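Since the structure comes first, as structure tokens, the remarks are kept for the end.
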Amino acid sequence: MTSTQTQRKTPTPDAALAKLGLTTDLDLLHHYPKQHQVIHRRKLADLQPGETVITMGRVVRHSIKDAKGGQLIVQTWVIRDKTGRHRLVCTQFHKARLPYTSAQWRQQQGQTYAQGQLVTVTGPVHHDSYVGGLTIKGDVVPIRPKSISTIPKRVLNPVYRLSKGLDMQTLQGRIREALQRTPLHDPIPAKFRQRHHLMELSEALAHIHFPPDDGQLEAARRRLVFDEFFYLQMALLLRRGQVPQRVKPQNLSRSLVERFKANLPFALTGAQRCTLSQILDDLTQTFPMNRLVQGDVGSGKTVVAVAACLAVIEQGHQAALMVPTETLAQQHYAKVKAWLEPLGLKTALLTGHTSTKERRILLSELWLGRIHLMVGTHALSSTAVQYADLGLVVIDEQHRFGVKQRNALLKKGPNPHLLSLTATPIPRTLALAMHQDMDVSLIDELPPGRLPIVTQVLTQDQSHQIHRLLDSQLAQGFQAYVVLPLVKDTDNSEMRSVETALDTYQRAFPEYQVGMLHGQMSSAAQTEALEAFRTGQTDILIATSVIEVGVDVPNATVMVVEQAERFGLAQLHQLRGRVGRSDHPSYCILVDGAETAASAERLQVLVQHQDGFTIAEADLKLRGAGDVLGHKQAGVPKFALADLMRDQALLKLAHTAARSAVNQGARLKGWNRMVTEAQRREHLEKALRHTHLN
Ligand code: ADP
Ligand code: MG
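For the sequence shown, position 342 matches number 352 in my numbering, and the numbering has no gaps at all.
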């Protein structure tokens, strides 16, 4: 191999650093260690195999050998302590590196490690039966006798992400240099830091890399986590920009809302009433509402949203209710139409499956203002759709929509109000990280008489129990859902499909009607299948997770999910929410197709908890934030250090501080264009110059 080849293959340390995105000193300082390796200072007499240690002794013997055809150089030392009783064999491997010739290298090393030289050795201790004692593989560094006392008892050695051509020691060295070179002014005022026990910035950066002890490391981490949150909170707050204005509402009589409530066959729960009054209050303001209603499956969010629509319609505007699936759109439409017709109001349905002719008529009616409430899928936000005066946008199951779709619909009116509904509760912590520009209402109460859903995890070979349960429930006139991960069987998947299950269940329950529902069926067929189930013509509905959201058939009392391990916890909770919608006991059977410890642990969460928030928090713990929210809600940034579960208190602190800074006029204009850490820091410093943080 020629030297040019070698050079081309292994990048220089600088090139390797650039590859990691580390070009400036600040980049290096913010390249935090993955972890810290604990190195104990030990006497030769006290060494234990398995520990990583720093120890010292005098060189008794030193040898250098070539290995692997000259590509590797192996050095061996034997060192001895003062008593002479304890010896240790140390080995170190090097790549033979140009420009030194092997001979030059030998000569230089030989001088460095002359007999009697005092050295420290750092590395893991092993027992080696060939040597017949303890050995250590690691770095041997000559030291002066005086410096022994400066070696701490316990060193936290930073371990970094590396790339080819960059070794740990080089990177550590570069970071040390950067720390010495880079003067840092802390943008967070000293008073604020003292009050909240936040370490000064340059100290925190030094200690996050080379902490003197665990306490200092934790303090450094705390400060830097605060920074991560604080920047994010500033950016989120400032993204709101100028608050748009609406014309002051004229008619606040709310008689439509009152008539609607009076027509309902039930009274609103306390939580529904409370949420509705918060919403009605928002609607009297001159700036648009932006409210998220979180309420568990079956808590009755739809009624509240429709009441809000009526309040806006009464003020002379239109409302739009956007839902994620065709099925749900149809179901909502049927329900809402029945509620609004007696009040003399017109509702219409628009989805991707609306016929061209119907769509044309509908769009002109909408544009003329003859339709008061428009229900539909994301078709509602498509370009051709124009409203006469869109005053309120309701987004049901908001976690299923992207920001783009939501904004497209919002653009269709003069600063319309926005009401988002979700039953996939965003853990409170995440809500604060992402949604601080939203007000949040909770419907934390189910309609009266609802019983907890009996939930059980079964293995595949216990499935006869499912049949027994279905038999007894169907015989009492109740209905059941069976959910599977796939529509059709495929060769290369172990997932079970709706079509196969349809067959199986038809044969197992010949005296009952079995229906099927999935997203690949035509819109008409889906409507028909759902209608047949709703009206009791079919007893068992075999489906994919299309029924996850919204489907509301109170007579259904059994939910069976096959291969439940393939679904997210929040999704399973949603599926379970399809039953338990009446005052009859309901059952949810989760069939564990994997039967691993992990799947068992996850599914047990549903057995133990009925509350969506607890389930969401558990899901967050098991899977991490990004996965829980999925790509649609990729609003959660990746943090280098922060952990949303662990650092909740700091998040709150950062949130309050950022709010106070922004209220005092701090602006981060152009923040999103700031690329480097240095630019951001400088920017933040300017922004905070005239503010007092408390
Ligand atoms: P979700 O919050 O899951 O969207 P829905 O709005 O679909 O829940 O409501 C679930 C069911 O409960 C519906 O059949 C609805 O009519 C009914 N419901 C809503 N509010 C009440 C209430 N206060 N009392 C009794 N039933 C209610
Ligand atoms: Mg709903």
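Glycine included, each C-beta is placed from N, C-alpha and C at the ideal position. None of these values were measured; they are calculated from a predicted model.
In the assembly as shown, Gln325 is a buried residue. Its beta-carbon has 16 or more other beta-carbons within 10 Å. Per DSSP, the unbroken beta strand (DSSP E) holding Arg164 starts and ends at 164-169. Judged by pairs of C-beta atoms under 8 Å, the segment 330-350 does not touch the segment 282-292, as fewer than three such pairs exist. Taking the C-beta atoms as reference points, Gly603 is found nearer than 8 Å to Glu572.
Rounded to whole angstroms, the Cβ separation of Val467 and Pro595 is 18 Å, and the two are not in contact under 8 Å. Under the three-state reduction of DSSP output, Pro152 falls in the strand class. Closer than 7 Å to some heavy atom of the ligand ADP: that describes the Cβ of Val313. Residue pairing by DSSP puts Asp138 in a beta bridge opposite Gly143.
Beyond the five residues adjoining it in sequence on each side, Cys100 comes within less than 6 Å, by CB distance, of Trp87, Val131, Ile146, Val150 in the same chain, given in chain order.
The beta carbon of Ala650 sits closer than 6 Å to those of Tyr42, all from its chain and outside the five residues before and after it, given in chain order. Proximity of the beta carbon of Asp454 to the ligand MG is not indicated: no heavy atom of the ligand is located closer than 7 Å. At a threshold of 7 Å, Ala433 counts as near the ligand MG, since its beta carbon sits closer than that to one of the ligand's heavy atoms.
In the displayed model, Lys44 falls within coil according to three-state DSSP, outside both helix and strand. Rounded to the nearest angstrom, the gap between the Cα atoms of Asp91 and Leu39 is 38 Å.
Assignment of beta-bridge partners to Asn300 by DSSP yields Leu428.
Uninterrupted beta strand (DSSP E) stretches at least 3 residues long and entirely within the segment 511-595 occur at 524-527, 550-553, 566-571, given in chain order. When Cβ pairs closer than 8 Å are counted between the two stretches, the segment 580-593 is seen to touch the segment 624-632, the count reaching three or more. When Glu504, Ala485, Phe488, Gln260 are compared, the shortest CA-CA separation from Leu494 is found for Glu504. Checking the 7 Å criterion, the Cβ of Pro564 is within range of a heavy atom belonging to the ligand ADP. Between Arg460 and Ala277, the alpha-carbon positions lie close to 15 Å from each other. According to the DSSP secondary-structure assignment, His104 is paired through a beta bridge with Ile83. The alpha-carbon of Leu390 is positioned some 14 Å away from that of Glu375.
Ranked by how close their Cα comes to the Cα of Met526, the residues Thr500, Ser555, Asn502 have Ser555 in first place. The beta carbons of Ala553 and Tyr515 sit no closer together than 8 Å. Contact check for Thr192 against Leu36 passes: the beta carbons are separated by less than 8 Å.
With a cut-off of 7 Å, the C-beta of Asp406 is classified as near the ligand MG, since at least one heavy atom of the ligand falls inside that distance. Around the CB of His342, 16 or more other CB atoms lie within 10 Å, so the residue is classed as buried.
Between Leu484 and Asp549, the C-beta spacing is below 8 Å. DSSP places Gln127 in the coil class of the three-state scheme, outside both helix and strand. Look at Ile371 here: in three-state DSSP terms it is helix.
Distance from the CA of Arg380 to the CA of Val617, rounded to the nearest whole angstrom, comes to 49 Å. Distance from Ala433 to Glu455 at the Cβ level is roughly 14 Å; contact not present, criterion being Cβ atoms closer than 8 Å. Around the CB of Gly280, fewer than 16 other CB atoms lie within 10 Å, so the residue is classed as exposed.
C-alpha of Ile453 to C-alpha of Ala535: approximately 34 Å in a straight line. For the pair Ala671 and Met244, the CB atoms are nearer than the 8 Å cut-off. Burial is judged here by how many other beta carbons sit within 10 angstroms of a residue's own beta carbon; Thr387 has at least 16 and is buried.
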